[in-house]
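In what follows, a single structure is set out as structure tokens and then discussed.
Residue numbers (our numbering), protein chains in the order written: chain A, 11 to 225; chain B, 99 to 516.
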């Protein structure tokens, strides 16, 4: 049984990842998610992290982790090295998200991407009425100290996937008080997607999901 | 000179102790409980005894071979808690503790002992002098049984692989089927890589610090200057010098070059100032403390190291190539052990890119690996000085591994709050 303290976005990831899979977490931080995946899913886990102190924490947890930049660290891997590649809250922080995501889709069979939704109604309100760069619970930084380099909405990501022929297999949206089912691009603070490259017949499993979530 | 040397040593210790007041690490490392292993003694093991001889990588034969080694802690009933420490170019078997009546502790004393990174309450920690060395293991200064004289240049060319073969014979002798880990920096890291490839079934993990899979032309060049300095010394006499007149000047210059490559721009700038007053050792002296330091380190080195050993060992390092002419990841595919790779940001002798080459091959070969590039200003010397960072990483890496393999220590390693 999962403890109540597990964040909602981790629960979605846990739900999607099959038992005994290999997982590469890009920007794994102190290894909270990875150690959860090792414990709950018996995952063969590997992390990539740029912060030295976070590496130390990962080693304390018994995790294997590479101290490097995810903008560069993926090119060493051969195709389909992992069942899953996770980009949780790091996607919007890399210099070249397009390239990192394409690389993640090459290295992993499936990719899990989580990011803060820039089109949340609070953000819209702050820009429109206050004329200020938004600060929301999922985008808590001021413009001058944010680690985020790219700002995207759920709709942006869906359009991007369509353009890059990426299949959205599943998605989950989180607001302040739990899962958001309706108008996620307006109400969700955080979005998390399970994606894969378009299959060989050009079929996209995610077409129906896409229709339901675009506001 | 002596007083300057001891002053410098104090400065080193002082810097190492005070440098660490950054980050949360200091609080996490359980240093106050760590102790020295105390008084130690050297042991000897003999192998390749007549009629047998060891066939070296070159095809030449050598025997008998004496191996000097030290061991700390206790080997458990299952013989599953042994760790082999691998020394660098100028190191020896004396990794930890003190010899009776001596003041200078072993070269990795801060890392080995009860409660330290290589916790002798939990692990049986072994360190042996390498083949070709001059601190108890057979090398060019040993007596050739065929002539009754020191081998000199009759000593066969040896390789890193030969050093590891002799270590494996020692491990066999100690009745250890599988090491919990092997660990070393610089040349010690090369030996760790060789262990991983040559004996994949004989170790559970390896700690590979500030090293390379093979030397770059730049690294070979520094060694070559050292070798030329030794061979240019008139007392070297083609390698057949006698004990009364040693090629000390040449060896001292070789050591000076070595020391320059072990430091960084920052560590040198922090350590050396202009000498006060106008005391000069020679006409062309610029009056910097670095001149005294290098001379001092050189003079100190010739008292404990053999010039021919320096030639043989640097040659072994320079010709090492663990890829065996193939793609590195193909050679790494046989590795079963878990690896911890450490590099240091200011190390320009063994730059982090060389460690990342190892990491890249591990990725492609699917080897379970952790890599950390430690932020240090000490240059290559960092592997001996960055004790807190190394302790934290090594201790937990080994702890996780030993828990997984059911190894119980006398004391439990403190679990740190995450």
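Where a beta carbon is used, it is the ideal one built from N, C-alpha and C, also for glycine.
Since this is a predicted model, take the numbers as computed values, not measurements.
Pair within 8 Å by beta-carbon distance, residue i and residue j
i                      : j                      : result
residue 287 of chain B : residue 308 of chain B : yes
residue 498 of chain B : residue 72 of chain A  : yes
residue 195 of chain B : residue 280 of chain B : no
residue 199 of chain A : residue 147 of chain A : yes
residue 34 of chain A  : residue 95 of chain A  : yes
residue 474 of chain B : residue 231 of chain B : no
residue 254 of chain B : residue 160 of chain B : yes
residue 500 of chain B : residue 294 of chain B : no
residue 265 of chain B : residue 182 of chain B : yes
residue 305 of chain B : residue 62 of chain A  : no
residue 93 of chain A  : residue 119 of chain A : yes
residue 283 of chain B : residue 338 of chain B : no
residue 227 of chain B : residue 166 of chain B : yes
residue 403 of chain B : residue 240 of chain B : no
residue 224 of chain B : residue 169 of chain B : yes
residue 495 of chain B : residue 48 of chain A  : no
residue 126 of chain A : residue 102 of chain A : yes
residue 349 of chain B : residue 405 of chain B : yes
Partner residues on chain A for residue i, Cβ-Cβ distance less than 7 Å
i                      : result
residue 490 of chain B : 66
residue 498 of chain B : 72
residue 494 of chain B : 69 and 70
residue 457 of chain B : 76
Residue i in three-state terms, based on DSSP
i                      : result
residue 402 of chain B : helix
residue 503 of chain B : coil
residue 248 of chain B : strand
residue 518 of chain B : The requested residue 518 of chain B is not part of the displayed model; chain B covers only 99 to 516.
residue 80 of chain A  : helix
residue 472 of chain B : strand
residue 187 of chain A : coil
residue 208 of chain A : coil
residue 253 of chain B : coil
residue 128 of chain B : Any reading at residue 128 of chain B must be qualified, since the residue scores a pLDDT of 44, below 50, and its modelled position is unreliable; no value is offered.
residue 333 of chain B : helix
residue 445 of chain B : coil
residue 372 of chain B : strand
residue 350 of chain B : helix
residue 305 of chain B : strand
residue 148 of chain A : coil
residue 290 of chain B : helix
residue 203 of chain A : strand
residue 218 of chain B : coil
residue 427 of chain B : helix
residue 178 of chain A : strand
residue 386 of chain B : strand
residue 56 of chain A  : strand
Contacts that residue i makes with chain B (C-beta to C-beta distance below 9 Å)
i                      : result
residue 185 of chain A : Within 9 Å Cβ-Cβ: nothing; residue 185 of chain A doesn't reach chain B, min ~28 Å.
Boundaries of the beta strand (DSSP E) in which residue i is found, first to last residue
i                      : result
residue 458 of chain B : Per DSSP, residue 458 of chain B belongs to no beta strand (DSSP E); it is in the alpha helix (DSSP H), 450-463.
residue 223 of chain B : 222-226
residue 361 of chain B : Per DSSP, residue 361 of chain B belongs to no beta strand (DSSP E) and is neither H nor E.
residue 436 of chain B : 436-442
residue 165 of chain B : 163-170
residue 280 of chain B : 279-283
residue 156 of chain B : No beta strand (DSSP E) contains residue 156 of chain B, which DSSP labels as neither H nor E.
residue 262 of chain B : Per DSSP, residue 262 of chain B belongs to no beta strand (DSSP E); it is in the alpha helix (DSSP H), 258-271.
residue 184 of chain B : 180-184
Interface partners of residue i on chain B, CB under 7 Å
i                     : result
residue 88 of chain A : 462
residue 31 of chain A : By Cβ distance, chain B contributes nothing, its closest Cβ being about 14 Å from residue 31 of chain A, past 7 Å.
First through last residue of the alpha helix (DSSP H) which encompasses residue i
i                      : result
residue 147 of chain B : Residue 147 of chain B -> no alpha helix (DSSP H), and no H or E assigned at all.
residue 477 of chain B : Counting along the chain, residue 477 of chain B falls outside any alpha helix (DSSP H), and DSSP gives it neither H nor E.
residue 417 of chain B : Unbroken run through residue 417 of chain B: none, as it is neither H nor E.
residue 35 of chain A  : Here residue 35 of chain A belongs to no alpha helix (DSSP H); instead the beta strand (DSSP E) covers 32-36.
residue 22 of chain A  : 18-26
residue 45 of chain A  : 42-51
residue 166 of chain A : 164-173
residue 194 of chain A : 194-197
Within chain A, partners of residue i - CB distance below 9 Å
i                      : result
residue 200 of chain B : Those do not exist, as residue 200 of chain B stays about 34 Å from chain A at its closest Cβ, beyond 9 Å.
residue 473 of chain B : 62
residue 466 of chain B : 54, 56 and 74
Proximal chain A residues relative to residue i, where beta-carbon distance stays under 8 Å
i                      : result
residue 469 of chain B : 75, 76, 77 and 78
Cβ-heavy atom distance, residue i to the ligand FMN, below 7 Å
i                      : result
residue 184 of chain A : No copy of the ligand FMN appears in this structure; indeed no ligand is present at all.
TODO: Let me know the beta strand (DSSP E) ranges lying completely inside the region 59-132 of chain A, each 3 residues or longer, listed in chain order.
DONE: 74-77, 92-98 and 118-126
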